[in-house]
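Visitor: Next up is a structure, given as structure tokens.
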Amino acid sequence: MSTAPETAAKYNFPGKNGYFGKFGGKFVPEILIPALDELEQHYQHALQDEQFKKERLHHLREYVGRPTPFTLCERLTRHYGTGKIYFKREDLCHTGAHKINNTIGQVLLAMRMGKKRIIAETGAGQHGVATATVCAKFGLECIVYMGAEDMKRQKLNVDRMRLLGADVRSVESGSKTLKDATNEAIRDWVTNVDSTFYIIGSAVGPHPYPQMVRDFHDVIGLETEAQCIEAEGRDPDYVLACVGGGSNAIGIFYRFIDKKHVRLIGIEAAGEGADTNKTAATFSKGKPGVLHGSLSYLLQTHQGQVELAHSISAGLDYPGVGPEHAHLYDTGRVSYHPVTDTQAMDAVKRCSMLEGIIPAIETAHAIAWLEELMPGLSKDDIVVINCSGRGDKDMGTISEYFYGNNQEESKA
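In terms of my numbering, the sequence shown opens at residue 1222 and continues consecutively.
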């Protein structure tokens, strides 16, 4: 098995003006630059404010339910016969996914800035639910943009957001998925920038969003590091996570970037295959370009236009990736691999039947990579997968995939 080369120096990104190497930056309409500068100033101040830290940690503990468990997957481990597999259980966060770590942090920042109108975009609905949840908790107006196609795939989460008081706005343009929802959210922000705080849900967008989202999710890696040492007396050998925009992955990776003995592996959605036109495998098929305010790897046509992405997972159905992941890919510190829809759905069934845990389809992409990873490991190797969300939200897709309308026999 190949190993990731070591980074040359202690990791300290983003640098000046919000760049991770050559990736990142602020590629936005001029009207948004003052808002981003204001946000950056407030965020940097909040980082030094002990009261902000104390309040955020209080809500993570008392409302989100942290620390989340670190679960040994005994039957999955026996299934492969090598290594030892743990799940970091972000699926057990309040609202059922890691997303709320970030929305708690950003909504506290919004209130410090006096913003009472919150907007967000969502793909799988988990970020939308997390945003609607914190807006309900703190009494703020909430508008969520969601692609019409994703609203069909994730109806349960649409209903949850509406029950929490959010105005869920259907986006009918383009592929009617996350990319188009993000476009609409940015248009809203440009129009209402003085009164509105945009809670971005992944490690994407203009600076300082990728850094903020990473920092608010760093709690995942912090807990994983401590829990692995408590359980095994040492760091894990491998840490795996799925990557769409990359929020859950950077949340668990960041703590380990300077620990070069820990192999970091990101799994991107290949859809029907990384070499086909129905894929979301940004690293396998994309090249550097600008999308949603930053420079990163991006699926593009020969003419440089954004290419439609495809994944059975609404949360990974995105043509770009966070700029920090692009930097980690280019430096080789993290290795990224594609997993197809079929491989992911097989992993949904395998994990459900062996562990009694129905994973989100996003998470199942990372679990699927165990098929490639585990045969090359020794019994002593420790593997940690960030279980980023519950599969409840995906039951419509899962039921249709395995059983169809007639509840027929499983495909797997």
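Here a beta-carbon is modelled for each residue, glycine too, at the ideal position from N, C-alpha and C.
No experiment lies behind these values; they were computed from the predicted model shown.
For T1563, which option in R1554, F1623 and E1311 has the closest C-alpha, if you only look at C-alpha atoms?
Guide: Sequence index remark: in the sequence shown, residue 1563 carries index 342 (1-based). Closest by alpha carbon: F1623.
Visitor: What whole-angstrom Cβ distance do V1605 and T1445 have, given they're in contact under 8 Å?
Guide: Within the sequence shown, numbered from 1, the residue matching residue 1605 stands at position 384. Within the sequence shown, numbered from 1, the residue matching residue 1445 stands at position 224. About 6 Å; that satisfies the 8 Å criterion.
Visitor: Can you tell me whether S1515 is buried or exposed? The criterion is at least 16 other CB atoms within 10 Å of its CB, across all chains shown.
Guide: What you label residue 1515 is simply residue 294 of the sequence shown in a count that begins at 1. The residue is buried, with at least 16 neighbouring Cβ atoms inside 10 Å.
Visitor: Have a look at A1229 and P1596 and give me their C-alpha separation to the nearest angstrom.
Guide: Taking the first residue of the sequence shown as position 1, residue 1229 is located at position 8. Taking the first residue of the sequence shown as position 1, residue 1596 is located at position 375. The predicted model places A1229 with a pLDDT of 44, which falls under 50 and marks its position as unreliable, so this point remains unresolved.
Visitor: On the premise that P1544 lies in contact with P1431, defined as a C-beta separation below 8 Å, what is that separation, rounded to the nearest angstrom?
Guide: If you number the sequence shown from 1, residue 1431 lands on position 210. If you number the sequence shown from 1, residue 1544 lands on position 323. About 6 Å; that satisfies the 8 Å criterion.
Visitor: Give a yes or no on whether the C-beta atoms belonging to C1608 and E1311 are separated by under 8 Å.
Guide: The sequence position of residue 1608 within the sequence shown is 387, counting from 1. The sequence position of residue 1311 within the sequence shown is 90, counting from 1. In this structure, E1311 lies closer than 8 Å to C1608 by Cβ.
Visitor: Can you tell me which of Y1232, F1241 and N1233 puts its alpha carbon nearest to the alpha carbon of Y1518?
Guide: Looking up residue 1518 in the sequence shown gives position 297. For the residues Y1232, F1241 and N1233, the minimum Cα distance to Y1518 belongs to F1241.
Visitor: From the DSSP output, in three-state form, read off R1455 for me.
Guide: The sequence position of residue 1455 within the sequence shown is 234, counting from 1. Looking at R1455 - three-state DSSP - the assignment turns out to be coil, as it is neither helix nor strand.
Visitor: So, at 8 Å on beta carbons, what are the nonlocal neighbours of E1453 in its own chain, with the 5 sequence-adjacent residues on each side left out?
Guide: Mapped onto the sequence shown, residue 1453 falls at position 232. Only K1305 and I1603 meet the Cβ criterion.
Visitor: Compute the Euclidean distance between the alpha carbons of G1617 and A1256, then round it to the nearest angstrom.
Guide: Position 396 of the sequence shown, counted from the start, is the residue given in the question as residue 1617. Position 35 of the sequence shown, counted from the start, is the residue given in the question as residue 1256. Cα-Cα distance, rounded: 39 Å.
Visitor: Distance, Cα to Cα, I1582 vs R1374?
Guide: Here residue 1582 is taken as the residue at index 361 of the sequence shown, counted from 1. Here residue 1374 is taken as the residue at index 153 of the sequence shown, counted from 1. Near 12 Å, if we compare the C-alpha coordinates of R1374 and I1582.
Visitor: Sorted by chain position, which residues of the same chain lie with C-beta nearer than 8 Å to W1590's C-beta, five sequence neighbours on each side aside?
Guide: Looking up residue 1590 in the sequence shown gives position 369. So the list reads L1461, I1486, I1488, H1558 and V1560, once near-sequence residues are dropped.
Visitor: Run through the region 1261-1304 for me and flag every whole alpha helix (DSSP H) of 4 or more residues, listed as ranges in chain order.
Guide: Correct list: 1271-1280 and 1295-1301.
Visitor: Helix or strand or just coil, what does DSSP make of Q1521?
Guide: By one-based count along the sequence shown, residue 1521 stands at place 300. Strand.
Visitor: So, are the CB atoms of D1401 and S1394 less than 8 Å apart?
Guide: Taking the first residue of the sequence shown as 1, we reach residue 1401 at position 180. Taking the first residue of the sequence shown as 1, we reach residue 1394 at position 173. Taking 8 Å as the Cβ cut-off, D1401 and S1394 qualify as a contacting pair.
Visitor: Are the region 1330-1344 and the region 1361-1379 touching by the rule of at least three beta carbon pairs closer than 8 Å?
Guide: They touch, by the three-pair rule.
Visitor: What does DSSP give as the partner residues of P1559 in its beta bridges?
Guide: Walking along the sequence shown from the start, residue 1559 turns up at place 338. According to DSSP, which records beta bridges pairwise, P1559 is partnered with E1489.
Visitor: Between the beta-carbon of P1427 and the beta-carbon of F1248, is there less than 8 Å?
Guide: Indexing the sequence shown from 1 puts residue 1427 at position 206. Indexing the sequence shown from 1 puts residue 1248 at position 27. The answer is yes: Cβ separation under 8 Å.
Visitor: Under 6 Å Cβ to Cβ from A1633, same chain only, skipping five residues before and after it: list those, please.
Guide: Here residue 1633 is taken as the residue at index 412 of the sequence shown, counted from 1. Caution applies to A1633, whose pLDDT of 41 falls short of 50 and renders its modelled position unreliable; the value that the coordinates give is listed next. Excluding positions up to five away in sequence, the list reads D1567 and K1570.
Visitor: Across which residues does DSSP place Y1240 in a beta bridge pair?
Guide: Within the sequence shown, residue 1240 is the residue found at index 19, counting from 1. In DSSP, Y1240 forms a bridge with G1245.
Visitor: By the three-class DSSP mapping on this structure, what secondary structure does V1379 have?
Guide: Position 158 of the sequence shown, counted from the start, is the residue given in the question as residue 1379. Here V1379 sits in helix by DSSP.
Visitor: For H1531, tell me which candidate among H1513, T1497 and R1408 has the shortest Cα-Cα distance.
Guide: Translated into the one-based positions of the sequence shown, residue 1531 becomes position 310. Nearest option by C-alpha distance: T1497.
Visitor: Go ahead and pull the three-state DSSP assignment for I1606.
Guide: The residue labelled residue 1606 in the question sits at position 385 within the sequence shown. If DSSP states are grouped into helix, strand and coil, I1606 belongs with the strands.
Visitor: Do D1456 and R1484 have their C-beta atoms closer together than 8 Å?
Guide: Here residue 1456 refers to the residue found at position 235 of the sequence shown. Here residue 1484 refers to the residue found at position 263 of the sequence shown. The answer is no: Cβ separation not under 8 Å.
Visitor: Is N1323 closer than 8 Å to S1468 when the C-beta atoms are compared?
Guide: If you number the sequence shown from 1, residue 1468 lands on position 247. If you number the sequence shown from 1, residue 1323 lands on position 102. Yes, the pair counts as a contact, with Cβ atoms nearer than the cut-off.
Visitor: Assign T1522 to buried or exposed, taking buried as 16 or more other Cβ atoms, counted over all protein chains shown, within 10 Å of its Cβ.
Guide: For the purposes of this step, residue 1522 is taken as the residue at position 301 of the sequence shown. Per the 10 Å Cβ criterion, exposed.
Visitor: Give a yes or no on contact between the region 1376-1388 and the region 1404-1413, applying the rule of three or more CB pairs nearer than 8 Å.
Guide: Because the criterion of three Cβ pairs below 8 Å is not met, the region 1376-1388 and the region 1404-1413 do not touch.
Visitor: For R1277, I'd like the list of residues in its chain whose CB is within less than 7 Å of its CB, leaving aside the five on either flank, ordered along the chain.
Guide: What you label residue 1277 is simply residue 56 of the sequence shown in a count that begins at 1. Closer than 7 Å at Cβ, skipping near neighbours: I1325, G1326 and L1329.
Visitor: Tell me which same chain residues have a C-beta within less than 6 Å of the C-beta of F1474, skipping the five on either side of it?
Guide: The residue you call residue 1474 lines up with position 253 of the sequence shown. For F1474, where only same-chain residues beyond five positions count, the Cβ hits under 6 Å are L1485.
Visitor: According to DSSP, is I1582 helix, strand or coil?
Guide: On the sequence shown, position 361 is the one that residue 1582 refers to. In the structure shown, I1582 sits in a helix (DSSP, three-state: H, G or I).
Visitor: Output needed for T1298: all residues of its chain with C-beta closer than 8 Å, excluding positions within five of it in sequence on either side, in chain order.
Guide: What you label residue 1298 is simply residue 77 of the sequence shown in a count that begins at 1. Answer for T1298: G1304, K1305 and I1306, listed in chain order.
Visitor: I need the straight-line Cα distance from F1244 to C1463, nearest angstrom please.
Guide: Here the question's residue 1244 lines up with position 23 in the sequence shown. Here the question's residue 1463 lines up with position 242 in the sequence shown. Taking the straight line from one Cα to the other gives about 20 Å.
Visitor: If you draw a straight line from the C-alpha of D1601 to the C-alpha of G1302, how long is it?
Guide: In the sequence shown, counting from the first residue as 1, residue 1601 sits at position 380. In the sequence shown, counting from the first residue as 1, residue 1302 sits at position 81. Between D1601 and G1302, the C-alpha separation is close to 11 Å.
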